[in-house]
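Q: Numbering (our numbering), first residue to last: 103 to 544. Here it is: the structure, laid out below.
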Ligand SMILES: [Zn+2]
């Protein structure tokens, strides 16, 4: 029974992740993501976007390379709820007559997306708990191995076959002191090595970073240093981060409490991700904080915050400079809360390393400079494994072959170089693939 790995998306860029594993006369898809860099500029016309248009603009994976497999696909498996892994489900999943499998949080986010955007999703949604398995067919099993990342209930997806295992490691880090949830299930990964890992699909995002990615606890201490240690009195504090980063939001929330400020979360996506996390009892912010879904309907509250800015800590969306998010609206004076000189703008996030997003963020920073705000950038640790964490994962699972993914050629090549340092040989047991290519796994 031949196994063929099809690199559909995310092998030329950081985004639109999608991998297809063809196993004899069956196949599964892992992840179906957006390329945010290409998607964000199209968002103004969101209602008009079609599958064809998005493929043409490279905003979603081009699944033309696996169109001959359409009838073989038995499942769409989602590793975690980040948009670069699930954001294309809206336009693509119904093209496949199979269920979608993922952990409860990811399924909850999908349901919210469906509600908000009112799109049709024909696929059955199947919820599988972290560290649990599910049998897709006689020959194919799937296991969601819990990992730490920058979103809750992220998993490495292990596809178990009669020949052995194929481990998909996008996205993970080895956080020894997570803020929410438990550590990466290393015990299971060690066991897996004994059960034979045929192939490892490796997260190459930070393969060039020669370090270990620090724990989320480090980000918490950075936040503490800034928020509790600086001369913030009399000024607004606005913290921005990824809406999906529940652990980071918890640290921000805790600091706001210690400061004695009223905490207000502003933005639709923050409300969605927090709502899903509260439903699953990971956090309980809304009991002690105000949630503003839309700035449009909250003019009175925004005005009151503008006038009594020293009493509030605002948590806002838009740290990547997204033109439609709260941060941009504030700095552009489009809502009744504007930024004044010496207000604190805390970027509890990095910048996604793609051209449009980097440019948007630069524009936002420029406008903040013009308003004479105090900027605290990079109060952040990554959710992705760095080079030395990648080395640890390779050591732990000792795969027969390695296929770098989640990056452009430079990042994938860097992961391949690491593998070659560890005795793997390019073209023999390390494969560099680009979108649309495939490799037969012996
Ligand atoms: Zn992710």
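All C-beta atoms, glycine included, are put in the ideal place defined by N, C-alpha and C.
1. Using DSSP bridges, identify the partner residues of residue 120.
2. Starting from residue 449, trace the beta strand (DSSP E) in both directions and tell me its first and last residue.
3. Who sits around ligand 1, taking every residue whose Cβ is closer than 5 Å to one of its heavy atoms?
4. In the DSSP assignment, find the beta strand (DSSP E) that holds residue 212 and state where it starts and stops.
5. In or out: residue 513 buried (at least 16 other Cβ within 10 Å) or exposed?
6. Which of the three DSSP states is assigned to residue 295 in this structure?
7. Straight-line CA distance for residue 221 to residue 191?
8. What runs of the alpha helix (DSSP H), each 4 residues or longer, lie entirely inside the stretch 340-401?
9. Assuming residue 96 and residue 404 are in contact, meaning their beta carbons sit under 8 Å apart, how far apart are those beta carbons, in whole angstroms?
10. Should the stretch 345-353 be regarded as contacting the stretch 243-259, the criterion being three or more beta carbon pairs within less than 8 Å?
11. My guess is that residue 257 and residue 506 are in contact by the Cβ rule of under 8 Å, so how many angstroms apart are they, rounded?
12. To the nearest angstrom, report how far apart residue 481 and residue 135 are at their CA atoms.
13. Please confirm whether residue 465 and residue 423 have their CB atoms less than 8 Å apart.
14. Please identify the residue among 269, 290, 287 whose C-alpha is closest to the C-alpha of residue 302.
15. Can you list, in chain order, the residues of its chain whose CB lies under 7 Å from that of residue 431, leaving out five sequence neighbours each side?
16. Under the assumption that residue 394 contacts residue 340 (Cβ atoms under 8 Å), give the Cβ distance between them as a whole number of angstroms.
17. Taking the beta strand (DSSP E) that residue 236 falls in, what are its first and last residues?
18. Should the stretch 200-212 be regarded as contacting the stretch 161-172, the criterion being three or more beta carbon pairs within less than 8 Å?
19. DSSP three-state label for residue 442, please.
20. When you compare only the Cα positions, how much space is there between residue 316 and residue 278?
21. Would you mind working out which of 180, 113, 124 sits nearest residue 103, comparing C-alpha positions?
22. Out of 399, 419, 401, 409, state which residue places its alpha-carbon closest to the alpha-carbon of residue 376.
23. Spatial neighbours of residue 311 within its chain, please: C-beta separation below 7 Å, excluding the five flanking residues on both sides.
24. Distance, Cα to Cα, residue 433 vs residue 478?
25. Taking the straight line between their C-alpha atoms, what separation do you get for residue 388 and residue 363?
26. Check whether the Cβ atoms of residue 247 and residue 197 lie closer than 8 Å to each other.
27. Could you say if the stretch 490-503 and the stretch 466-474 meet the contact criterion of at least three C-beta pairs nearer than 8 Å?
A: The relevant details are as follows:
1. Position 18 of the chain shown, counted from the start, is the residue given in the question as residue 120. According to DSSP, which records beta bridges pairwise, residue 120 is partnered with 111.
2. As a working mapping, residue 449 is identified with position 347 in the chain shown. Taken as a continuous stretch (DSSP letters only), the beta strand (DSSP E) holding residue 449 covers 446-449.
3. 184, 273
4. The residue given as residue 212 occupies position 110 in the chain shown. Premise fails: residue 212 lies in the alpha helix (DSSP H), 206-219, not in any beta strand (DSSP E).
5. For the purposes of this step, residue 513 is taken as residue 411 along the chain shown, with counting starting at 1. Buried, since its Cβ has 16 or more Cβ neighbours within 10 Å.
6. Working through the chain shown from its first residue, we reach residue 295 at position 193. Reduced to three states, the DSSP call for residue 295 is helix.
7. Here residue 221 corresponds to residue number 119 of the chain shown, with the count starting at 1. Here residue 191 corresponds to residue number 89 of the chain shown, with the count starting at 1. Residue 191 has its alpha-carbon roughly 10 Å from the corresponding atom of residue 221.
8. 348-361, 370-381, all fully within the stretch 340-401.
9. Outside the shown range of the chain, which is 103 to 544, sits residue 96, and nothing can be said about it.
10. Short answer: they touch.
11. To locate residue 257, count along the chain shown from 1; it is residue 155. To locate residue 506, count along the chain shown from 1; it is residue 404. 19 Å between Cβ atoms; not a contact.
12. Here residue 481 refers to the residue found at position 379 of the chain shown. Here residue 135 refers to the residue found at position 33 of the chain shown. One C-alpha to the other measures close to 26 Å.
13. As a position in the chain shown, residue 465 is number 363, starting the count at 1. As a position in the chain shown, residue 423 is number 321, starting the count at 1. Cβ distance < 8 Å, so residue 465 and residue 423 count as in contact.
14. Walking along the chain shown from the start, residue 302 turns up at place 200. Closest by alpha carbon: 269.
15. Along the chain shown, one-based indexing puts residue 431 at 329. 397, 437.
16. In the chain shown, the residue the question calls residue 394 occupies position 292. In the chain shown, the residue the question calls residue 340 occupies position 238. Your pair residue 394 and residue 340 does not check out as a contact, with CB atoms roughly 13 Å apart and the cut at 8 Å.
17. Counted from its first residue, the chain shown places residue 236 at position 134. Residue range 234-237 is occupied by the beta strand (DSSP E) that includes residue 236.
18. no
19. Against the chain shown, residue 442 aligns to sequence position 340. Of the three classes helix, strand and coil, the one that applies to residue 442 here is coil, per DSSP.
20. In the chain shown, the residue the question calls residue 316 occupies position 214. In the chain shown, the residue the question calls residue 278 occupies position 176. Those two C-alpha atoms are separated by around 9 Å.
21. Locating residue 103 in the chain shown gives position 1, counting from the first residue. If we check each option's Cα against that of residue 103, 124 comes out closest.
22. One-based indexing of the chain shown puts residue 376 at position 274. With distances taken between Cα atoms, residue 376 lies closest to 419.
23. Taking the chain shown and counting its residues from 1, the one referred to as residue 311 is at position 209. For residue 311, where only same-chain residues beyond five positions count, the Cβ hits under 7 Å are 488, 489.
24. Working through the chain shown from its first residue, we reach residue 433 at position 331. Working through the chain shown from its first residue, we reach residue 478 at position 376. Their backbone Cα atoms lie some 16 Å apart in a straight line.
25. Your numbering for residue 388 matches position 286 in the chain shown. Your numbering for residue 363 matches position 261 in the chain shown. C-alpha separation (whole angstroms): 15 Å.
26. As a first step, residue 247 is located in the chain shown; it is residue number 145 there, counting from the start. As a first step, residue 197 is located in the chain shown; it is residue number 95 there, counting from the start. No, they are not a contact pair.
27. No contact exists between the stretch 490-503 and the stretch 466-474.
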